[in-house]
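Numbering (this note's numbering), first residue to last: 2 to 589. Ideal Cβ placement from N, Cα and C applies to all residues, glycine included. Fair warning: this is a prediction, and the values are worked out from it, not measured in the lab. Presented below is the structure to which this report refers.
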């Protein structure tokens with residue numbers, strides 16, 4: 002195992018070198034492979050398990066993440082006469098109304114040396130308050146007293162960005178001890194760190210996006226700026242708002258002062274004039290916030306669907322019969338779409354051309370949208386011919402060909418003309434390679450599709466159901482291309498390439514280097530090394546790994562896809578599409 006560990010560290014260094022980076026100048030430690038015995042046992046083997054089995058594995062992980070700091074953390078909150086973050090959300094949000102929790106799997110498997118940070122110690126939910134859609138951000142004080150880890154910052158900033166794109170009110174339930182000091186270098190200074198949250202508070206206020214904040218526990222040091230930068234500030238008795246606590250004040254200037262004198266709710270209400278509403282407890286504070294939201298004229302009600310809602314032609318549960326996670330098996334994407342689009346609403350665009358990508362207009366829950374989806378079955382392509390007439394070839398499943406990329410690019414542009422949002426349904430191994438594909442201009446066609454997608458002015462929603470690999474992820478609106486929301490099934494996988502191909506490539510790089518040095522490696526060690534790399538790479542392409550780092554907003558149950566997309570489209574419809582579509586120089 003020691004040999005394997007040493008070898009993998011060498012591979013990490015080689016990869017960093019191949020990408021032109023020096024490990025010595027990296028701000029954060031980058032580990033390409035972190036192999037440990039038994040690690041792969043926690044990774045769903047999509048190829049060998051049914052979709053239902055993979056979903057059940059995810060639900061068990063999600064249930065653990067929802068527990069936050071566990072029973073001891075809950076007991077500590079209740080002992081301080083405070084509710085937990087999830088108990089507060091239950092009182093704040095409209096009962097029975099739709100809601101989406103984002104980032105539940107944030108920090109999954111991370112920060113183990115510090116005991117972990119389930120859900121990154123913060124709960125972010127798109128939900129309804131007094132009939133108005135809002136983004137609620139609630140510190141979970143059961144996890145390290147609500148301290149900010151690096152992923153806590155990224156999760157909150159992502160929630161702010163989602164709210165900004167559709168002008169949703171932001172409601173902050175603050176209960177945090179501030180920066181997690183052992184990791185301060187990765188929390189404090191950068192554009193995706195702690196200070197960016199406060200910058201966003203100020204900028205959003207300038208844009209007229211409503212922001213409410215309720216201090217319901219600790220709010221110390223730099224974290225104190227978040228609530229004070231909001232439009233409305235509430236505070237409960239027993240909470241504390243100060244730049245330095247009593248102990249630090251005594252150490253710094255020798256002054257002895259109580260917590261209440263320094264930053265209690267009564268002091269801030271009567272003397273400093275910092276807070277707007279002083280409340281006796283959590284329940285009263287949340288009720289006040291609901292009352293204030295009901296009287297807000299900028300916060301809009303959820304958009305109403307412009308078209309009649311028609312039930313889909315297939316039941317949502319049929320996805321389990323249709324979908325195939327194993328790339329060696331195929332399925333018809335059109336059948337999968339029929340499980341969540343309104344019945345008979347799908348108008349397929351250029352159905353006989355560029356068949357490896359399906360494009361079309363549809364309604365979901367009465368909301369119109371465009372859909373770009375990878376076809377997961379073999380399709381036929383008709384090629385131009387001479388005197389003998391056109392010839393035919395076969396398109397491989399899940400692969401994007403040049404003609405389909407051309408079709409998708411034009412379809413995306415037309416969706417922007419129509420001002421309809423676009424849903425990208427990912428299940429792709431990437432673009433076609435090889436001599437014929439290169440000579441047909443696959444790079445040019447792919448660039449055209451990426452350009453059109455990147456410059457969209459309509460909302461984009463990504464749905465990952467299976468593979469989302471390499472440049473295919475980019476073209477299908479990967480995280481780098483500003484999707485409004487990224488949803489994923491537990492069966493999804495995301496990486497630069499599949500685990501098998503990546504492991505073989507990395508092994509060949511090392512073996513070639515050894516051969517140049519005159520070294521030899523026996524077949525047994527070769528197999529051991531290949532398995533170690535494959536297991537590690539499989540862990541990294543697991544969708545939970547992507548979600549833990551904030552590359553996916555929400556992992557959903559497949560049978561609920563229709564409801565999830567309908568709610569996302571309703572939120573996206575809250576703000577009219579403005580601006581002019583500009584693509585710049587477009588490859589033709």
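Identify whether residue i lies in helix, strand or coil by the three-state DSSP scheme.
i           : result
residue 495 : strand
residue 581 : coil
residue 85  : coil
residue 572 : helix
residue 231 : coil
residue 1   : Coverage of the chain is limited to positions 2 through 589, which leaves residue 1 absent and any answer about it impossible.
residue 187 : helix
residue 11  : Note that residue 11 scores 42 on pLDDT, short of 50, meaning its location in the model is unreliable; the coordinates nonetheless yield the value given after this. Reduced to three states, the DSSP call for residue 11 is helix.
residue 77  : helix
residue 41  : The pLDDT assigned to residue 41 is 34, lower than 50, so where the model puts this residue is not dependable, and the model offers no usable value.
residue 374 : strand
residue 532 : helix
residue 393 : strand
residue 198 : helix
residue 379 : coil
residue 102 : strand
residue 94  : coil
residue 556 : strand
residue 512 : helix
residue 488 : strand
residue 28  : With a pLDDT of 37 at residue 28, under the threshold of 50, the modelled position of that residue is not reliable, and no figure is offered here.
residue 523 : coil
residue 543 : strand
residue 60  : helix
residue 384 : strand
residue 566 : helix
Is the closest heavy atom of the ligand COA to the C-beta of residue i under 7 Å?
i           : result
residue 186 : The ligand COA is not among the ligands present in this structure, which contains no ligands whatsoever.
Am I right that residue i and residue j are in contact with their C-beta atoms under 8 Å? What's the rounded C-beta distance?
i           : j           : result
residue 359 : residue 401 : About 12 Å; that fails the 8 Å criterion.
residue 531 : residue 163 : Wrong, their Cβ atoms sit about 40 Å apart, outside the cutoff.
residue 169 : residue 135 : 6 Å
residue 108 : residue 118 : 5 Å
residue 459 : residue 417 : 5 Å
residue 555 : residue 103 : 5 Å
residue 265 : residue 241 : 7 Å
residue 588 : residue 382 : Rounded, the Cβ-Cβ distance is 21 Å, inconsistent with contact.
residue 405 : residue 356 : 7 Å
residue 476 : residue 447 : 6 Å
residue 90  : residue 126 : 6 Å
residue 500 : residue 538 : 4 Å
residue 120 : residue 138 : Actually they do not touch by this definition, with Cβ atoms about 12 Å apart.
Closer than 8 Å by C-beta to residue i: which residues in its own chain qualify, once you throw out the five before and the five after it? Chain order, please.
i           : result
residue 180 : 148, 149, 188, 189, 195, 222, 223 and 224
residue 62  : 106, 109 and 545
residue 1   : Not covered by the structure: residue 1. The range shown for the chain is 2 to 589.
residue 561 : 317
residue 384 : 391, 392, 393 and 394
residue 557 : 488, 489, 490 and 565
residue 549 : 106, 107, 108, 109, 110, 111 and 152
Closer than 6 Å by C-beta to residue i: which residues in its own chain qualify, once you throw out the five before and the five after it? Chain order, please.
i           : result
residue 490 : 466 and 559
residue 238 : 266 and 281
residue 349 : 361
residue 552 : 480
residue 569 : 462 and 486
residue 534 : 504 and 507
residue 69  : 119, 141, 143 and 144
Ignore the nearest five residues each way along the sequence and tell me which others in residue i's own chain have a CB closer than 7 Å to its CB.
i           : result
residue 278 : 235 and 289
residue 312 : 344
residue 27  : With a pLDDT of only 36 at residue 27, under 50, the local geometry of the prediction cannot be trusted, and no value is derived from it.
residue 291 : 93, 130 and 131
residue 578 : 420, 458 and 459
residue 76  : none
residue 258 : 247 and 250
residue 522 : 512 and 515
residue 243 : 221, 225, 263 and 264
Task: Contiguous beta strand (DSSP E) assignments of at least 3 residues, all confined to the stretch 290–372 - done: 358–365
TODO: Give a yes or no on contact between the stretch 284–300 and the stretch 197–212, applying the rule of three or more CB pairs nearer than 8 Å.
DONE: yes
- [ ] Just list the beta strand (DSSP E) runs in the stretch 398–474, keeping only unbroken ones of 3 residues or longer that don't cross its boundaries, in chain order.
- [x] Runs of the beta strand (DSSP E) inside the stretch 398–474: 423–429 and 461–470.
Open item on the list: So within the stretch 204–282, which uninterrupted alpha helix (DSSP H) runs reach at least 4 residues, ignoring any that extend past its ends?
Closed with: 226–229, 247–254 and 260–264
Task: Sequence ranges, beta strand (DSSP E) only - wholly within the stretch 106–190, length at least 3 - done: 123–130, 133–140 and 171–177
Open item on the list: Does the contact criterion of 3 or more C-beta pairs under 8 Å hold for the stretch 342–353 versus the stretch 364–384?
Closed with: yes
Open item on the list: Across the stretch 448–459 and the stretch 407–424, are there enough close Cβ pairs to call them in contact, namely three or more that are closer than 8 Å?
Closed with: yes
Open item on the list: Assess contact between the stretch 269–289 and the stretch 80–99, defined as three or more Cβ pairs (one per stretch) separated by less than 8 Å. Is contact present?
Closed with: Contact between the stretch 269–289 and the stretch 80–99 is present, because at least three Cβ pairs lie under 8 Å.
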